[in-house]
Amino acid sequence: MVTERSDNNKPSSLPAFQNVSENPVIVGLQGPLEGKKWDVIGELIIGREQDCDIAIVDRQVSRLHARLTNLGNNRIQLDDLGSKNGTYLKGELLKKSKILEDGDVIQIALIQKFTFYLSDATMPLEDLLPQGQLNLKRIILDAKSRRVWIKGKELLPPLSLPQFRLLYALSQQAGKVISRNELVQTVWQEEESEGISEQAVDALIRRLRGRLAEVDPGFEYLVTVRGHGLRLDE
3 MVTERSDNNK PSSLPAFQNV SENPVIVGLQ GPLEGKKWDV IGELIIGREQ
53 DCDIAIVDRQ VSRLHARLTN LGNNRIQLDD LGSKNGTYLK GELLKKSKIL
103 EDGDVIQIAL IQKFTFYLSD ATMPLEDLLP QGQLNLKRII LDAKSRRVWI
153 KGKELLPPLS LPQFRLLYAL SQQAGKVISR NELVQTVWQE EESEGISEQA
203 VDALIRRLRG RLAEVDPGFE YLVTVRGHGL RLDE
C-alpha cells in the first residue's frame with residue numbers, strides 16, 4: 003500500500019496561466035511509487051508513517067527513514083534518519099549527509115528508487131509523464147519547465163511565453179473551441195488584454211503554427227473555427 007500527499011488540483015476550466023517554477027524534484031523510479039513526482043521546496047520526510055511527506059507503507063521502510071532538505075541555491079541535502087535497512091545514494095550506503103547532484107539515484111531500503119533533478123527542465127520526457135502516457139499523445143506540454151514535445155521530439159528552441167501560454171490554454175480543453183476573447187485574456191492577462199488587436203492575435207497564432215510545423219509539418223494542430231474561436235487537435 004502506498005500513499006502520497008498532493009496539493010495539486012486539476013483545472014476544471016480554462017486556467018489563468020501561472021508563472022513557471024523551477025523547483026528541484028524527485029521522481030519515483032523503480033518500486034511502488036514509480037512515476038510519482040514531488041517538488042523539494044522545504045523539507046521532505048520519507049518513511050512508513052502515513053503522515054510522512056512521501057509515505058511507503060512497507061515493513062522494509064522505517065517509520066522515519068530519510069529526509070531531503072532544500073538548503074537554497076540549488077543545494078539539496080539527503081540524510082538517513084537511522085533507518086534499519088538503509089538509504090543508498092548512487093548505489094552506496096549513505097553514512098552521512100550528502101548534497102545531491104542532478105540525476106542522482108536514491109534508494110530506500112530494497113523497495114523504492116528515486117531520481118533527483120535540479121528542476122523539471124533537466125528531466126527526460128519519460129520522467130515527466132505518468133506511466134504509459136509516453137506514446138499516447140501527439141503533443142505534450144510541461145507547464146513548470148515550459149517545455150513542449152511533438153511526437154516525442156522536444157521543440158527547440160523553446161516557445162516564447164505568449165506562444166506557450168496560447169498552446170497551454172488550448173491544451174487544457176483540447177478538442178474544444180475556445181473563443182478568441184478568452185484566449186486573449188489568458189495569453190496577455192486581464193491587465194494587458196485591453197487594446198490587443200485582431201492582427202496581434204492572428205500573428206501569434208501564425209507564429210505558433212509555424213513552430214509546431216517545424217517538427218510535424220503534415221498535421222494541423224491549431225484549427226480556426228470562423229466566428230467561434232480556436233481549437234487544438236491532437
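First residue of the sequence shown: 3, per our numbering; consecutive thereafter.
Don't be surprised by glycine CBs; every beta carbon is placed ideally from N, CA and C.
What distance in whole Å lies between the Cβ atoms of Q109 and G30, which are believed to be in contact at a cut-off of 8 Å? Indexing the sequence shown from 1 puts residue 30 at position 28. Indexing the sequence shown from 1 puts residue 109 at position 107. Wrong, their Cβ atoms sit about 11 Å apart, outside the cutoff.
Can you say whether V150 is buried or exposed, counting buried as having 16 or more other CB atoms within 10 angstroms of its CB? Along the sequence shown, one-based indexing puts residue 150 at 148. The residue in question, V150, is buried, as its Cβ has 16 or more Cβ neighbours within 10 Å.
Going by CA-CA distance only, name the one from I28, T226, L232 that's closest to Q79. Residue 79 sits at position 77 when you count from the first residue of the sequence shown. If we check each option's Cα against that of Q79, I28 comes out closest.
What would DSSP say about F240, mapped onto helix, strand or coil? Since the first and last residues shown for the chain are 3 and 236, residue 240 lies out of range.
By how many angstroms is the C-alpha of L46 removed from the C-alpha of D2? Here the chain covers residues 3 to 236 and nothing more, so residue 2 does not appear.
What is the DSSP secondary structure of S23, counted as helix, strand or coil? Start at 1 with the first residue of the sequence shown, and residue 23 comes out as number 21. Note on S23: pLDDT 46, under 50, position unreliable in the model; the coordinate value appears next. Coil at S23, not helix or strand.
Do V59 and R50 come within 8 Å of each other at the CB atom, strictly closer than that value? As a first step, residue 50 is located in the sequence shown; it is residue number 48 there, counting from the start. As a first step, residue 59 is located in the sequence shown; it is residue number 57 there, counting from the start. Contact flag set, yes.
Closest to N87 by CA distance: which of A111, G74, L95 is it? Looking up residue 87 in the sequence shown gives position 85. Selected option, being the one with the closest Cα: A111.
Through-space distance from L161 to Q62, alpha-carbon basis: Here residue 62 refers to the residue found at position 60 of the sequence shown. Here residue 161 refers to the residue found at position 159 of the sequence shown. Taking the straight line joining both Cα atoms gives about 45 Å.
What do you get for P159, buried or exposed, if any count of 16 or more other CB atoms within 10 angstroms of its CB means buried? Within the sequence shown, numbered from 1, the residue matching residue 159 stands at position 157. Exposed, because fewer than 16 other Cβ atoms sit within 10 Å of the Cβ of P159.
Take the Cβ of S64 as the centre, count every other Cβ of all protein chains shown within 10 Å, and call the residue buried at 16 or more, exposed below. By 1-based counting over the sequence shown, the position of residue 64 is 62. Buried: at least 16 other Cβ atoms inside 10 Å.
Residue range of the unbroken alpha helix (DSSP H) whose run includes E184: As a first step, residue 184 is located in the sequence shown; it is residue number 182 there, counting from the start. Per DSSP, E184 belongs to the alpha helix (DSSP H) from 182–190.
Could you spell out the range, first to last residue, of the beta strand (DSSP E) harbouring A68? Here residue 68 refers to the residue found at position 66 when the sequence shown is read from its first residue. Taken as a continuous stretch (DSSP letters only), the beta strand (DSSP E) holding A68 covers 68–72.
Is it buried or exposed, R167, if we count other Cβ atoms within 10 angstroms and call 16 or more buried? Taking the sequence shown and counting its residues from 1, the one referred to as residue 167 is at position 165. Counting Cβ neighbours within 10 Å, R167 comes out buried, since at least 16 surround it.
Classification of V227 by the beta-carbon crowding that lies within 10 angstroms, buried from 16 upward: Counting from 1 along the sequence shown, the entry for residue 227 is found at position 225. By the neighbour-count rule (16 or more Cβ atoms within 10 Å), V227 is not buried but exposed.
Closest Cα partner of R77 within the set L83, P26, K38: Taking the sequence shown and counting its residues from 1, one reaches residue 77 at position 75. Ranking L83, P26, K38 by Cα distance to R77 puts P26 first.
Beta-carbon proximity list for G33, same chain, < 7 Å, skipping 5 on both sides: The residue labelled residue 33 in the question sits at position 31 within the sequence shown. Closer than 7 Å at the Cβ level, and outside the excluded window around G33, lie I113, Q114, K115.
So for V203, helix, strand or coil by DSSP? Counting from one through the sequence shown, the residue named residue 203 turns up at place 201. V203: helix per DSSP, three-state reduction.
Is the CB-CB distance between L232 and I180 below 8 Å? By one-based count along the sequence shown, residue 232 stands at place 230. By one-based count along the sequence shown, residue 180 stands at place 178. Contact flag set, yes.
Taking the alpha carbon of Y288 as the point to measure from, which residue in E236, V42, E222 has its own alpha carbon closest? Absent from the model: residue 288. The displayed extent of the chain is 3 to 236, so no value can be given.
From the DSSP output, in three-state form, read off Q52 for me. Position 50 of the sequence shown, counted from the start, is the residue given in the question as residue 52. Q52 falls in the coil class under three-state DSSP.
Quick one, which of L66, W190, L96, T188 has its alpha-carbon nearest Q52's? Translated into the one-based positions of the sequence shown, residue 52 becomes position 50. It is L66.
Just the Cα atoms here: how many angstroms apart are R208 and D104? As a position in the sequence shown, residue 208 is number 206, starting the count at 1. As a position in the sequence shown, residue 104 is number 102, starting the count at 1. Their Cα atoms are separated by approximately 37 Å.
Nearest neighbour of A57, chosen from G177, T71, N183, W40 [CA to CA]: In the sequence shown, counting from the first residue as 1, residue 57 sits at position 55. When only C-alpha atoms are compared, the closest one is W40.
Nearest-angstrom Cα distance between L172 and R148? For this step, residue 172 is matched to residue 170 along the sequence shown. For this step, residue 148 is matched to residue 146 along the sequence shown. When rounded, the distance between both Cα atoms is 14 Å.
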